[in-house]
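Asks: Residue numbers for the sequence shown follow UniProt numbering, so the first one is 1 and each next one is one higher.
Note that beta-carbon positions come from the ideal geometry of N, C-alpha and C, so glycine has one too.
Treat the numbers as computed from the prediction; the structure is a model and nothing was measured.
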Amino acid sequence: MLVRTLSIDAPVRTVAAAARHTCTVLTGFAALRPSPAPPVGELLVPGDGLVLGPGGARDSTRGSFAVLRADERGVLLARPDGDRCPPAEFEVTLTESAAGTSVTVTARPAGELGGAELARLEEVLDGYPVAVREITAEWCARPVVVAAAIVDEGRLLAQQRRRPARHAGGWELPGGRVEAGETEEEAVVRECREELAVDVRVLRGFGTDVPVAADRGMLLRGYLARLRDRSSTPRPVEHRAVRWVGADRLHELEWLETDRSLVDSMRSALGETSR
């Protein structure tokens, strides 16, 4: 087992986004010649694949890896056991610290490593955390847009876009930009009032941050919320439709790409808030 640790002066949610950023992973893992197994978006999500190689037939650092976890706790890449024991894994663990976020990167090779294999893994363990730190610093300078995951009895409220044409029909969480002089939580409340005509109570943040490259370099940040008055009815003031969705139906919606990166975190949040 090989381990590296690094401290990054940034919130866990921003570092977690950088850790699952596809281009950053490809950059940090360059020594293993990685390539994504399509389709892969800007952020890795559970079920995505990553192919490491080429290498010799007996190179235990090569092969196809599956993304098992990619959330605010970190990232886990692993491959099936096959004829090797134990399976090879790369794990990123994130914890909040006094200095910001503590990052631990662990490689668990499959079997004995040769000199060249060990050198490649050492290069990844040295380079990947630096790549995460660099993209994190860039994202921390971006303006923030908020997204509200409004939950009620194991359901989440989604809204369907009416415009612009390229987004029409797609589903997203309500939200928008944080205006000057307001907190992110205040922005969540205001946006829900403007877009849904309801008042909400913000519970806590959820998921990783999500880069919004198409919107002049913004950073989307998700918050869980509840209706202040459960008898109130959200309505699509600015959108085509609104819909309550259970955890088992989230993947049925055609989410916009930015929101799709948070679907697994939405499901986890629904499980926690329905207990």
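Mark Glu112 as exposed unless 16 or more other C-beta atoms lie within 10 angstroms of its C-beta, in which case mark it buried.
Replies: Residue mapping note: residue 112 aligns to position 112 of the sequence shown, counting from 1. With fewer than 16 other Cβ atoms from the protein chains shown falling within 10 Å of its own Cβ, Glu112 counts as exposed.
Asks: Assign Glu194 to one of two classes, buried (16 or more other C-beta atoms within 10 Å of its C-beta) or exposed (fewer than that).
Replies: Here residue 194 corresponds to residue number 194 of the sequence shown, with the count starting at 1. Exposed, since its Cβ has fewer than 16 Cβ neighbours within 10 Å.
Asks: Assuming Ser97 is part of the beta strand (DSSP E), what are its boundary residues?
Replies: Walking along the sequence shown from the start, residue 97 turns up at place 97. Unbroken beta strand (DSSP E) run through Ser97: Glu89 to Ser97.
Asks: Measure the alpha-carbon distance for Ala19 versus Pro143 and round it to whole angstroms.
Replies: Here residue 19 corresponds to residue number 19 of the sequence shown, with the count starting at 1. Here residue 143 corresponds to residue number 143 of the sequence shown, with the count starting at 1. Rounded to the nearest whole angstrom, the CA to CA distance from Ala19 to Pro143 is 20 Å.
Asks: Between Pro46 and Ala70, which are expected to be in contact by the criterion C-beta below 8 Å, what is the C-beta distance as a whole number of angstroms?
Replies: The residue labelled residue 46 in the question sits at position 46 within the sequence shown. The residue labelled residue 70 in the question sits at position 70 within the sequence shown. Right, the Cβ-Cβ distance comes to about 6 Å (below 8 Å), so this counts as a contact.
Asks: Can you list the alpha helix (DSSP H) stretches of 4 or more residues lying completely in the UniProt domain "Nudix hydrolase" (141 to 270), in chain order?
Replies: Fully enclosed alpha helix (DSSP H) runs of 4 or longer: 184 to 196 and 257 to 260.
Asks: For Ala187, which residues of its own chain have a beta-carbon under 6 Å away from its beta-carbon, when the five flanking residues on both sides are left out?
Replies: For this step, residue 187 is matched to residue 187 along the sequence shown. If the five residues before and after Ala187 are omitted, its C-beta is found closer than 6 Å to the C-beta atoms of Val146 and Val178, all from its own chain and listed in chain order.
Asks: Looking at the unbroken alpha helix (DSSP H) that takes in Leu26, where does it start and where does it end?
Replies: To locate residue 26, count along the sequence shown from 1; it is residue 26. From DSSP, the alpha helix (DSSP H) with Leu26 extends over Thr22 to Gly28.
Asks: Note the first and the last residue of the continuous beta strand (DSSP E) segment covering Arg79.
Replies: Here residue 79 corresponds to residue number 79 of the sequence shown, with the count starting at 1. Counting along the chain, no beta strand (DSSP E) covers Arg79, and no H or E run does either.
Asks: Taking the alpha-carbon positions, what's the Leu26 to Gly207 distance?
Replies: If you number the sequence shown from 1, residue 26 lands on position 26. If you number the sequence shown from 1, residue 207 lands on position 207. Spanning the two alpha carbons is a distance of roughly 22 Å.
Asks: Considering Arg108, what are the terminal residues of the alpha helix (DSSP H) in which it resides?
Replies: Here the question's residue 108 lines up with position 108 in the sequence shown. Where Arg108 is concerned, there is no enclosing alpha helix (DSSP H), although the beta strand (DSSP E) it sits in stretches over Gly100 to Arg108.
Asks: Skipping 5 residues on each side, what residues in its chain have a beta carbon closer than 6 Å to that of Val3?
Replies: Locating residue 3 in the sequence shown gives position 3, where the first residue counts as 1. The answer, listed in chain order, is Thr106.
Asks: CB Phe29 to CB Leu52, shorter than 8 Å?
Replies: Your numbering for residue 29 matches position 29 in the sequence shown. Your numbering for residue 52 matches position 52 in the sequence shown. For Phe29 and Leu52, yes; Cβs fall inside 8 Å.
Asks: Report the partner residues of Asp71 according to the DSSP bridge assignment.
Replies: For the purposes of this step, residue 71 is identified with residue 71 of the sequence shown, where counting begins at 1. In DSSP, Asp71 forms a bridge with Gly74.
Asks: Kindly indicate which residue of Gly49, Val75 and Pro174 has the alpha-carbon position closest to the one of Arg13.
Replies: Residue 13 sits at position 13 when you count from the first residue of the sequence shown. Nearest of Gly49, Val75 and Pro174 to Arg13, Cα basis: Val75.
Asks: Which whole-angstrom value describes the C-beta separation of Thr24 and Ala131, a residue pair presumed to lie in contact below a C-beta threshold of 8 Å?
Replies: Translated into the one-based positions of the sequence shown, residue 24 becomes position 24. Translated into the one-based positions of the sequence shown, residue 131 becomes position 131. Correct: roughly 5 Å between the Cβ atoms.
Asks: Say whether the region 239 to 246 touches the region 160 to 176, bearing in mind that this needs 3 or more beta-carbon pairs closer than 8 Å, one atom from each stretch.
Replies: yes
Asks: According to the neighbour-count rule (16 or more other Cβ atoms, all chains shown, within 10 Å of its Cβ), is Asp9 buried or exposed?
Replies: On the sequence shown, residue 9 is found 9 positions in, with the first residue counted as 1. Flag for Asp9 reads exposed.
Asks: What residue range does the alpha helix (DSSP H) around Arg13 cover?
Replies: Taking the sequence shown and counting its residues from 1, the one referred to as residue 13 is at position 13. Here the alpha helix (DSSP H) through Arg13 covers Val12 to Ala19.
Asks: Alpha carbon to alpha carbon, how far is Trp139 from Pro211?
Replies: Position 139 of the sequence shown, counted from the first residue, corresponds to residue 139. Position 211 of the sequence shown, counted from the first residue, corresponds to residue 211. Using only the alpha carbons, I get a separation of about 7 Å.
Asks: For Gly127 and Thr233, what's the separation of their Cα atoms in angstroms?
Replies: Reading the sequence shown from its first residue, position 127 is the one you call residue 127. Reading the sequence shown from its first residue, position 233 is the one you call residue 233. When rounded, the distance between both Cα atoms is 50 Å.
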